[in-house]
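Undergrad:
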(Lines of atoms letter the chains of each structure in order from A; the text may use other names.)
(Lines give C-alpha, C1' and ligand atoms only; values in the text may rest on other atoms or scores of the structure.)
Protein backbone atom coordinates (compact mmCIF):
# COMPACT_ATOMS: atom_id res chain seq x y z
CA UNK A 2 0.00 0.00 0.00
CA UNK A 3 2.92 2.34 0.59
CA UNK A 4 4.39 2.06 -2.89
CA UNK A 5 6.09 5.47 -2.70
CA UNK A 6 8.15 4.41 0.30
CA UNK A 7 10.01 1.33 -0.82
CA UNK A 8 12.85 1.07 1.69
CA UNK A 9 11.93 1.64 5.32
CA UNK A 10 15.49 0.96 6.42
CA UNK A 11 16.02 4.67 5.79
CA UNK A 12 12.78 5.87 7.35
CA UNK A 13 14.19 9.06 8.94
CA UNK A 14 14.97 10.49 5.50
CA UNK A 15 11.56 9.49 4.17
CA UNK A 16 9.23 10.44 7.00
CA UNK A 17 7.82 13.24 4.83
CA UNK A 18 6.67 10.63 2.28
CA UNK A 19 4.91 8.64 4.98
CA UNK A 20 3.34 11.82 6.38
CA UNK A 21 2.06 12.76 2.91
CA UNK A 22 0.66 9.28 2.38
CA UNK A 23 -1.17 9.36 5.72
CA UNK A 24 -2.58 12.82 5.01
CA UNK A 25 -3.80 11.88 1.53
CA UNK A 26 -5.07 8.33 2.04
CA UNK A 27 -6.08 8.38 5.75
CA UNK A 28 -5.68 4.62 6.29
CA UNK A 29 -7.08 3.14 9.48
CA UNK A 30 -4.10 0.84 9.99
CA UNK A 31 -0.53 1.14 8.71
CA UNK A 32 2.01 -1.65 9.13
CA UNK A 33 5.69 -0.74 8.86
CA UNK A 34 8.07 -3.68 8.66
CA UNK A 35 11.80 -3.81 9.20
CA UNK A 36 12.22 -0.11 9.89
CA UNK A 37 14.91 -0.86 12.50
CA UNK A 38 14.25 2.00 14.88
CA UNK A 39 14.11 1.84 18.65
CA UNK A 40 11.39 3.25 20.91
CA UNK A 41 13.06 6.66 21.31
CA UNK A 42 13.35 7.01 17.52
CA UNK A 43 9.77 5.81 17.09
CA UNK A 44 8.63 8.59 19.42
CA UNK A 45 10.26 11.08 17.04
CA UNK A 46 9.62 9.62 13.59
CA UNK A 47 6.20 8.00 14.10
CA UNK A 48 4.45 10.95 15.75
CA UNK A 49 1.62 11.60 13.30
CA UNK A 50 -1.60 13.49 14.04
CA UNK A 51 -4.55 11.13 14.71
CA UNK A 52 -2.34 8.00 14.73
CA UNK A 53 -1.16 5.90 17.61
CA UNK A 54 1.85 3.67 17.09
CA UNK A 55 2.65 0.33 18.66
CA UNK A 56 6.08 -1.18 18.40
CA UNK A 57 7.69 -4.47 19.31
CA UNK A 58 11.37 -5.33 19.14
CA UNK A 59 12.06 -7.10 15.89
CA UNK A 60 13.21 -10.36 17.46
CA UNK A 61 9.99 -10.83 19.49
CA UNK A 62 7.79 -11.20 16.44
CA UNK A 63 10.16 -12.99 14.06
CA UNK A 64 8.74 -16.09 12.37
CA UNK A 65 11.65 -18.23 11.21
CA UNK A 66 11.30 -20.35 8.07
CA UNK A 67 9.49 -23.67 8.53
CA UNK A 68 7.72 -22.55 11.74
CA UNK A 69 3.95 -22.83 11.46
CA UNK A 70 1.71 -19.90 12.29
CA UNK A 71 -0.98 -20.41 14.90
CA UNK A 72 -3.09 -17.34 15.79
CA UNK A 73 -6.70 -16.40 16.54
CA UNK A 74 -8.35 -12.94 16.30
CA UNK A 75 -5.56 -10.84 14.88
CA UNK A 76 -4.29 -8.34 12.36
CA UNK A 77 -1.50 -10.07 10.54
CA UNK A 78 1.40 -8.26 8.93
CA UNK A 79 5.06 -8.73 8.22
CA UNK A 80 7.28 -11.31 6.62
CA UNK A 81 5.37 -14.53 7.28
CA UNK A 82 7.54 -16.77 5.13
CA UNK A 83 4.21 -17.80 3.60
CA UNK A 84 4.05 -18.87 -0.03
CA UNK A 85 0.77 -19.69 -1.74
CA UNK A 86 -0.43 -19.52 -5.32
CA UNK A 87 -3.58 -17.72 -4.13
CA UNK A 88 -1.51 -14.59 -3.40
CA UNK A 89 0.63 -14.89 -6.53
CA UNK A 90 3.58 -17.03 -5.42
CA UNK A 91 5.03 -19.60 -7.80
CA UNK A 92 5.36 -22.26 -5.09
CA UNK A 93 3.66 -23.07 -1.81
CA UNK A 94 4.72 -23.95 1.72
CA UNK A 95 2.90 -24.90 4.94
CA UNK A 96 2.63 -21.29 6.15
CA UNK A 97 1.18 -20.35 2.77
CA UNK A 98 -1.41 -23.09 3.03
CA UNK A 99 -2.34 -21.85 6.53
CA UNK A 100 -2.52 -18.25 5.28
CA UNK A 101 -4.74 -19.43 2.43
CA UNK A 102 -7.11 -21.07 4.94
CA UNK A 103 -7.19 -17.83 6.97
CA UNK A 104 -7.94 -15.75 3.87
CA UNK A 105 -10.73 -18.11 2.80
CA UNK A 106 -12.47 -18.29 6.19
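Numbering (the numbering used here), first residue to last: 2 to 106.
We put the beta carbon where it would ideally sit given N, CA and C, even for glycine.
Hey, out of 34, 104, 97, whose CA is closest to residue 54's CA?
TA: Sequence index remark: in the chain shown, residue 54 carries index 53 (1-based). The residue from 34, 104, 97 with its alpha-carbon nearest to that of residue 54 is 34.
Undergrad: Give the single residue among 17, 91, 99 whose Cα lies nearest to the Cα of residue 48.
TA: As a working mapping, residue 48 is identified with position 47 in the chain shown. Ranking 17, 91, 99 by Cα distance to residue 48 puts 17 first.
Undergrad: What are the start and end residues of each continuous beta strand (DSSP E) run of 3 or more residues lying completely inside the stretch 17-70, in chain order?
TA: Counting only runs of 3 or more, we get nothing.
Undergrad: Rounded to whole angstroms, what is the Cα-Cα separation between residue 22 and residue 65?
TA: Along the chain shown, read from residue 1 onward, the residue named residue 22 stands at position 21. Along the chain shown, read from residue 1 onward, the residue named residue 65 stands at position 64. CA-CA distance, residue 22 to residue 65, rounds to 31 Å.
Undergrad: If I measure Cβ to Cβ from residue 91 and keep anything under 7 Å in the same chain, skipping five residues before and after, which residues do I get?
TA: Numbered from 1 along the chain shown, position 90 holds the residue referred to as residue 91. Excluding positions up to five away in sequence, the list is empty.
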